[in-house]
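Input: a single structure, listed below in structure tokens.
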């Protein structure tokens with residue numbers, strides 16, 4: 018056993034190192050690389066991916082997995098073997114030609130998406146999306162995860178999540194969201210809102226953001242904060258986790274909530290068990306669970322009155338003129354404004370879920386040939402009006418707004434909403450399990466929450482599935498009631514519903 | 018032929034990409050990585066190196082090389098095949114065990130070197146150097162480049178350079194340097210030297226350095242300037258070349274000459290033919306030729322009165338108080354001060370060569386067992402006194418000052434001096450070939466020089482050997498007379514000898 022395991026561990030360490038090389042090529046490209054470097058960078062990333070695939074599908078590894086599966090293993094070993102087997106099977110099922118076709122089509126689709134957005138011309142993008150759907154159906158068919166194409170693709174991002182379960186969850190959430198939105202829209206409390214005005218110097222924003230990250234327990238010796246056009250988090254190892262944000266001089270909240278959001282992702286990555294680094298278990302459970310960490314920190318903590326009781330006086334010290342006279346109540350309104358708008362990435366906590374549900378319903382219908390690509394914009398706008406009560410001015414702020422489908426990311430959107438659901442259920446439990454959690458946050462002490470998350474979620478890595486993790490911590494399966502209750506309570510109070 | 022060549026090209030492109038991944042891991046470690054990332058970074062770099070070695074020694078590649086060698090090839094193809102064959106042969110000749118032993122011993126030797134420097138205790142380092150020499154002799158023996166151990170190791174850094182030729186060149190240079198140093202030491206002109214005083218804010222230094230780099234023709238869309246403890250240049254591709262410098266608030270010249278020096282390296286990397294990227298010919302000829310580019314820009318351009326005729330007024334605008342009243346003559350003295358000192362990295366143009374010659378003589382004697390490790394400090398100090406007329410206060414500023422031997426870099430030091438020789442010979446030719454070169458530099462126009470170097474040196478890559486390149490450009494083999502003549506003229510005038 019020992020030799021076999023050691024060989025297996027060495028191979029998985031190489032795989033992790035290769036994945037890290039891909040990550041650093043990509044992090045560098047977003048934050049650091051000079052413009053002309055892009056030409057060769059694509060090839061460098063392709064080489065890293067190709068060698069990763071080659072090593073992952075190596076028959077030596079298949080043989081090791083088989084031998085280890087016949088042995089009596091501890092849980093870390095067993096889960097590692099299972100997870101690697103799952104990854105290898107997926108990789109082996111996809112012929113090289115399909116992988117290359119998908120990559121090539123994604124590159125072309127992305128280019129055409131850029132043009133389509135610029136000209137707000139869906140027809141430019143339509144044939145590439147059509148082609149992408151053909152390839153993704155083929156991928157889903159070959160992956161053999163499920164009879165359902167959608168479930169097979171979803172499994173890549175949210176392992177173990179079944180389509181009927183997802184369908185049921187989103188179906189439960191939707192009417193609550195539309196109902197809540199309607200009530201908020203009708204609420205007269207609206208008019209009292211004060212928006213931020215003035216210029217917020219970027220270096221002051223950055224200093225404040227760093228202070229908040231420090232308070233969250235972000236380890237600066239094991240991480241960085243940089244700038245990039247689209248904020249993201251990259252974990253090169255638990256000891257090297259990098260986040261980015263983008264700054265707007267007119268609105269400090271863009272960068273700050275970006276920092277708290279990515280900071281939540283970063284705490285997850287920094288909290289993975291470094292002793293398991295290089296093993297398949299030393300990874301986040303799923304995209305949904307990863308997103309739960311960013312949403313929990315951004316929304317449940319970062320948009321709460323407890324948090325701002327401590328931080329607002331400090332923010333006013335940083336921006337004394339710009340925030341003069343603003344009260345905690347005013348401030349809570351400003352950072353929790355609910356308003357139906359056509360764009361997902363700037364949506365508030367209530368409407369966000371509806372943006373996701375629209376995408377989920379449409380991408381599933383497209384994949385199952387229940388909706389034709391040429392009818393997509395009409396159907397998009399119809400649902401926007403039905404769920405959100407608004408109509409995009411044009412396709413660029415409508416059906417074309419997200420990059421995901423051009424990259425072939427179908428089945429990905431729901432993980433954003435699942436993140437909100439996991440966050441609410443976890444936070445409900447944290448409030449019960451962490452003594453005096455509210456007062457700690459009010460006093461600026463965020464460490465007890467981070468410690469609770471670290472112990473219960475971060476350290477676990479992939480030793481549990483998402484379902485096992487949430488059941489173990491909260492005693493229940495994933496249940497949308499927590500999220501619905503959280504929204505209805507929070508916004509009920511705020512808008513006096 | 019076409020298919021075989023295309024397969025070969027694809028494989029060499031992968032090798033280049035893998036080497037780039039190693040470079041980016043290392044660049045990131047020096048400039049960007051958070052402290053705790055170091056623990057896993059070593060393993061990531063080892064994985065990149067191991068996969069590179071595996072791909073380089075792949076029998077498919079051996080077979081391709083054999084088939085291509087039997088074909089009628091154009092020069093780019095032919096040189097590429099030759100160069101890759103050379104690299105593969107070297108890689109195949111070294112058993113895995115030796116490579117691992119060398120890496121492990123280097124890691125240990127480096128750690129012990131750090132301690133030895135701290136305590137100025139050569140005995141701490143001695144056993145690891147001893148072990149390193151045993152391994153390097155074994156490496157030299159297996160490489161089978163030459164009967165001479167030294168030549169076999171030298172060939173890694175300066176391909177094609179023979180030990181007797183190097184011996185003769187250094188033998189010719191030495192008496193001229195000691196003689197010149199003696200005359201300068203005796204010159205009464207010394208006393209007039211003005212040193213820089215005051216505080217030079219780092220952001221102003223950086224802006225000035227960037228202006229100089231821009232004037233040199235550094236392409237900012239294909240490169241970066243950052244900070245690191247030890248300045249260096251990394252070429253990830255001709256379109257992504259990164260240099261670093263270090264700043265001292267008390268002395269702007271540390272960073273500035275660092276920038277010009279690394280800028281010279283960078284122009285070489287940016288000037289490689291991008292059409293050949295991924296082929297073994299798209300690389301610098303040798304370390305010596307690489308160093309010629311940094312030295313040419315740093316010393317022949319950056320320490321010349323022509324250069325400062327244009328730049329001194331600008332430097333005085335940047336630092337008006339700090340440089341008030343300093344004349345061009347004063348300034349030339351300050352940046353060309355010759356003074357025997359124990360440390361190589363801060364040595365002037367005259368004494369620098371003597372520091373190298375001492376290292377060359379001693380490392381050769383150690384390798385050939387003509388000198389025992391335990392006698393090294395005594396022998397070091399003896400030569401310092403004999404060539405430079407000074408004695409290090411202790412081993413930390415003497416025999417222990419350089420990291421190279423701890424890394425196993427034996428045969429590397431001479432390339433620094435060869436760089437000076439190539440630089441002088443190239444600059445002599447440039448003065449003849451580039452019309453009005455002196456007035457261009459006086460007017461701040463450095464582009465004609467960069468263009469000449471680009472056409473004659475940079476674009477060539479490894480299509481020519483060092484010997485072929487220098488002969489083609491100057492009509493002569495590498496000849497130390499140019500360097501000697503340059504030094505004797507320059508410092509003869511400065512010190513009125």
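Chains as they are written, first to last, in the numbering used here: chain R, 18 to 514; chain B, 18 to 514.
Note that beta-carbon positions come from the ideal geometry of N, C-alpha and C, so glycine has one too.
Keep in mind it's a predicted model, so treat the numbers as computed, not measured.
Not a single unbroken stretch of the beta strand (DSSP E) spanning 3 or more residues falls wholly within the stretch 375 to 415 of chain B. Proximity of chain R to residue 51 of chain B at the Cβ level (cut-off 9 Å) is accounted for by 236, 237, 238, 239, 240, 241, 256, 257, 258, 259, in chain order. By the Cβ-count criterion, residue 486 of chain B is buried, with 16 or more other Cβ atoms from all chains shown falling within 10 Å of its own Cβ.
Under the DSSP assignment, residue 464 of chain B falls outside any beta strand (DSSP E), being part of the alpha helix (DSSP H) whose first and last residues are 464 to 470. Contacts with chain B (Cβ-Cβ distance below 8 Å) from the stretch 29 to 42 of chain R involve 30, 31, 34, 35, 37, 38, 41, 42, listed in chain order. Between the beta-carbon of residue 51 of chain B and that of residue 237 of chain R there is about 7 Å, and that keeps the pair under the 8 Å contact cut. The alpha-carbon of residue 217 of chain B is positioned some 35 Å away from that of residue 232 of chain R. At a cut-off of 9 Å between C-beta atoms, residue 294 of chain R counts as an interface residue with respect to chain B. Shown in chain order are the members of the stretch 52 to 72 of chain R whose Cβ falls below 7 Å from a Cβ of chain B: 52, 53, 54, 56, 57, 60, 61, 64, 65, 68. For residue 290 of chain B, not one C-beta of chain R is nearer than 9 Å to its own C-beta. Following the DSSP letters along the chain, one finds residue 241 of chain R in no alpha helix (DSSP H) but inside the beta strand (DSSP E) bounded by residues 240 to 244. Excluding sequence positions up to five before and after residue 320 of chain B, its CB lies within less than 6 Å of the CB of 352, 353, all in the same chain and listed in chain order. Secondary structure at residue 251 of chain B: strand, using DSSP grouped into helix, strand and coil. Contact annotation: the stretch 68 to 87 of chain R touches the stretch 19 to 34 of chain R, with at least three C-beta pairs closer than 8 Å. By DSSP's assignment, residue 487 of chain R forms no beta bridge with any residue.
Any Cβ of chain B closer than 9 Å to the Cβ of residue 230 of chain R would place that residue at the interface, and such an atom is absent.
Between residue 432 of chain B and residue 308 of chain B the beta-carbon gap is near 6 Å, inside 8 Å, which marks them as a contact. Contact between residue 93 of chain R and residue 289 of chain R is ruled out by a C-beta separation of about 13 Å, above the 8 Å threshold.
With a contact defined as Cβ atoms closer than 8 Å, residue 262 of chain B and residue 284 of chain B miss out at about 15 Å. Our two residues, residue 467 of chain R and residue 193 of chain R, have alpha carbons roughly 30 Å apart in a direct line.
For residue 262 of chain B, DSSP records a beta bridge to B:244. Secondary structure note for residue 71 of chain B: its alpha helix (DSSP H) is the uninterrupted segment 55 to 73. Residue 203 of chain B sits exposed, since fewer than 16 C-beta atoms from the chains shown fall within 10 Å of its C-beta. The three-state reading of DSSP puts residue 257 of chain R in strand, counting E and B together.
Taking a cut-off of 8 Å for Cβ pairs, the stretch 181 to 200 of chain R and the stretch 386 to 406 of chain R touch, as three or more such pairs fall below it. Residue environment: residue 135 of chain R is assigned as exposed (fewer than 16 neighbouring CB atoms within 10 Å of its CB, all protein chains considered).
Between residue 32 of chain B and residue 73 of chain B the beta-carbon gap is near 6 Å, inside 8 Å, which marks them as a contact. Secondary structure in the stretch 105 to 151 of chain R: the alpha helix (DSSP H) runs of 4 residues or longer, each lying completely within the stretch, are 113 to 136 in chain order. Contact of residue 45 of chain R with chain B is assigned, a C-beta pair being separated by under 9 Å.
By the neighbour-count criterion, in which a residue is buried when 16 or more other Cβ atoms sit within 10 angstroms of its Cβ, residue 416 of chain B is buried.
Residue 85 of chain B does not reach chain R, its nearest Cβ partner there being about 21 Å away, counting only Cβ pairs nearer than 7 Å.
Straight across, the Cα-Cα distance linking residue 196 of chain B with residue 251 of chain R is about 58 Å. Under a 10 Å Cβ-count criterion, residue 376 of chain B is classified as buried, with 16 or more other Cβ atoms of the shown protein chains found around its own Cβ.
With fewer than 16 other Cβ atoms inside 10 Å of its own Cβ, residue 88 of chain B counts as exposed. Interface annotation, residue 253 of chain R: in contact with chain B, CB-CB separation under 9 Å.
In terms of Cβ geometry, residue 443 of chain B and residue 490 of chain B form a close pair [threshold 9 Å].
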